[in-house]
Amino acid sequence: MTVNLFDFDLDGLTAFCEQLGEKRFRAVQLFRWIHQKGESDFSRMTDLARSLREKLPSAATLNTLPVLSRQDSADGTIKWLFDVGGGNAVESVFIPEDDRGTLCVSSQAGCAVGCRFCSTGHQGFSRNLTTGEILAQLWQAEFFLRQHLKRTDRVITNVVMMGMGEPLQNYSALVPALRVMLDDHGYGLSRRRVTVSTSGVVPMMDRLAQDCPVALAVSLHAPNDPLRDQLVPLNRKYPLAELLDACVRYLPHAPRDFITFEYCMLDGVNDTPEHARELLHLVKTHGGRGVPCKINLIPFNPFPDSGLKCSPRAVVQRFGQILNEGGVVTTIRKTRGDDIDAACGQLAGDVLDRTNAAQRMAQRREAPIRIIRPERPA
Ligand code: SAH
Ligand code: SF4
Numbered sequence: 001m002t003v004n005l006f007d008f009d010l011d012g013l014t015a016f017c018e019q020l021g022e023k024r025f026r027a028v029q030l031f032r033w034i035h036q037k038g039e040s041d042f043s044r045m046t047d048l049a050r051s052l053r054e055k056l057p058s059a060a061t062l063n064t065l066p067v068l069s070r071q072d073s074a075d076g077t078i079k080w081l082f083d084v085g086g087g088n089a090v091e092s093v094f095i096p097e098d099d100r101g102t103l104c105v106s107s108q109a110g111c112a113v114g115c116r117f118c119s120t121g122h123q124g125f126s127r128n129l130t131t132g133e134i135l136a137q138l139w140q141a142e143f144f145l146r147q148h149l150k151r152t153d154r155v156i157t158n159v160v161m162m163g164m165g166e167p168l169q170n171y172s173a174l175v176p177a178l179r180v181m182l183d184d185h186g187y188g189l190s191r192r193r194v195t196v197s198t199s200g201v202v203p204m205m206d207r208l209a210q211d212c213p214v215a216l217a218v219s220l221h222a223p224n225d226p227l228r229d230q231l232v233p234l235n236r237k238y239p240l241a242e243l244l245d246a247c248v249r250y251l252p253h254a255p256r257d258f259i260t261f262e263y264c265m266l267d268g269v270n271d272t273p274e275h276a277r278e279l280l281h282l283v284k285t286h287g288g289r290g291v292p293c294k295i296n297l298i299p300f301n302p303f304p305d306s307g308l309k310c311s312p313r314a315v316v317q318r319f320g321q322i323l324n325e326g327g328v329v330t331t332i333r334k335t336r337g338d339d340i341d342a343a344c345g346q347l348a349g350d351v352l353d354r355t356n357a358a359q360r361m362a363q364r365r366e367a368p369i370r371i372i373r374p375e376r377p378a
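Under the working numbering, residues 1 to 378 are what the sequence shown spells out, in order.
What follows is the structure in structure tokens.
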């Protein structure tokens, strides 16, 4: 049986090398060949002991993901659709900016949370990705980009776990992948340049704080429980008060002194000035001291059959203005790569295994979203 070396963080690789009778420093060399130099041919890892080079081909592989398609946007955004077998595909998106290059990485094929406004959620859940599948997205994107852009230095400087899936519902595969991203012998990214985005899996937020405290983004989308229950069904299990408590507990461990709240702007659903004021009140007063945070307003990216529309530009701006004037730094996310459907929530329109998707869509059509007027904050 061969193992996939993309499945290992450095400790895992060390244990594997020890099984082959090799010392830790050999594991470090091998790890650097893979993640720093992008080498996948063991015979070309010239400074590895010959004994190890000879043992590796029969003991290990580096499983890359077949690329089903690659699309390049006019704005430099690149989207890959990767085949993960069994009729499933996941996407990764590279977003270049002046001072950084961000890769948006998927953690699951589909997603079980089923948010009302998310195309991944509408497709249902197929399966968790392995650590190797999460890291293969990064490895393949990074070393493709170095070649494509004729660069020898690192191209991807930031990773956001904001592709398909809920990363904190795939915790055991996620954490070793994060460790490889952070490892100085791996990608060497600082903790503030790796962001896990979650819809609010409270117990796993506490574990992440202990195991691998990277930057945290929390998908809020509503300022009260009745509305959030409808938009993010996980809210019924972990309501806002518990979620915000978990944010407060996370902060002392976090690499930044704030949490980023994401808020998808949905026309006539969660976008009124009253919602903005209720949100402001919530984050400023929760638990007595509030939650230090920044808010990122995401214009909703429509997809077929969503039955939802993005809030008009002026409404998004007014919403942001209320928050900013109330003292909470709020930005409006630029939409990137929308000519190739690479914007948030448009990912993997092409997933093939649509587990229960038809049934879920039918249920949604029967239960149209109710618009709940928020209480005016005191
Ligand atoms: N499951 C995690 C991470 C993946 S989704 C989470 O929910 O946080 C990444 C971000 O894209 C989330 O903030 C999500 O709410 C947002 N998103 C999903 N669908 C969207 C859409 N159609 N338009 C805009 N943002 C969307
Ligand atoms: Fe899953 Fe995130 Fe989409 Fe919600 S927004 S369905 S948690 S991927």
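The beta carbon of each residue, even a glycine, is placed where N, CA and C say it ideally should be. Only a predicted model underlies this, so the values are computations on that prediction, with no experimental measurement involved.
DSSP three-state assignment for residue i, whether helix, strand or coil
i: G288; result: helix
i: C118; result: coil
i: P299; result: strand
i: G110; result: strand
i: F144; result: helix
i: V155; result: coil
i: A15; result: helix
i: S51; result: helix
i: T272; result: coil
i: E22; result: coil
i: T131; result: helix
i: N324; result: helix
i: F319; result: helix
i: A329; result: Checking the sequence, you will find Val at residue 329 rather than Ala. Coil at V329, not helix or strand.
i: V90; result: strand
i: V3; result: strand
i: V84; result: strand
i: L56; result: helix
Residues of its chain near residue i, where Cβ-Cβ distance is below 6 angstroms and the 5 sequence neighbours each way are ignored
i: G165; result: S106, S107, Q108 and C111
i: E22; result: L52
i: V329; result: K294
i: G76; result: P96
Per DSSP, cross-strand counterpart(s) of residue i
i: C310; result: L266
i: E97; result: R100
i: Q71; result: K79
i: C293; result: I259
i: F125; result: G110
8 angstroms CB neighbourhood of residue i in its chain, flanking five on each side removed
i: W33; result: E39, M45 and L48
i: R151; result: L145
Contact belief for residue i with residue j at Cβ below 8 angstroms, rounded distance in angstroms
i: L227; j: N270; result: 6 angstroms
i: V218; j: L243; result: 7 angstroms
i: G101; j: I156; result: 5 angstroms
i: W139; j: H275; result: So it is not a contact: roughly 41 angstroms between Cβ atoms.
i: L62; j: L129; result: With a Cβ gap of about 16 angstroms, L62 and L129 do not count as contacting.
i: F42; j: L56; result: 4 angstroms
i: L234; j: L266; result: With 8 angstroms as the limit, L234 and L266 do not qualify as a contact, their Cβ atoms being about 17 angstroms apart.
i: G186; j: F31; result: 7 angstroms
Contacts around residue i, its chain only, beta-carbon distance under 7 angstroms, and the 5 residues preceding and following it disregarded
i: K237; result: none
i: A27; result: L10, L13, T14 and C17
i: A246; result: V202, M205 and D206
Cβ-heavy atom distance, residue i to the ligand NAP, below 8 angstroms
i: E166; result: This structure does not include the ligand NAP; its bound ligands are the ligand SAH and the ligand SF4.
Return the chain-ordered ranges of every beta strand (DSSP E) run that is complete within the segment 158 to 214 and spans a minimum of 3 residues. 158 to 161 and 194 to 198
Continuous alpha helix (DSSP H) assignments of at least 4 residues falling wholly in the segment 210 to 239: 225 to 231
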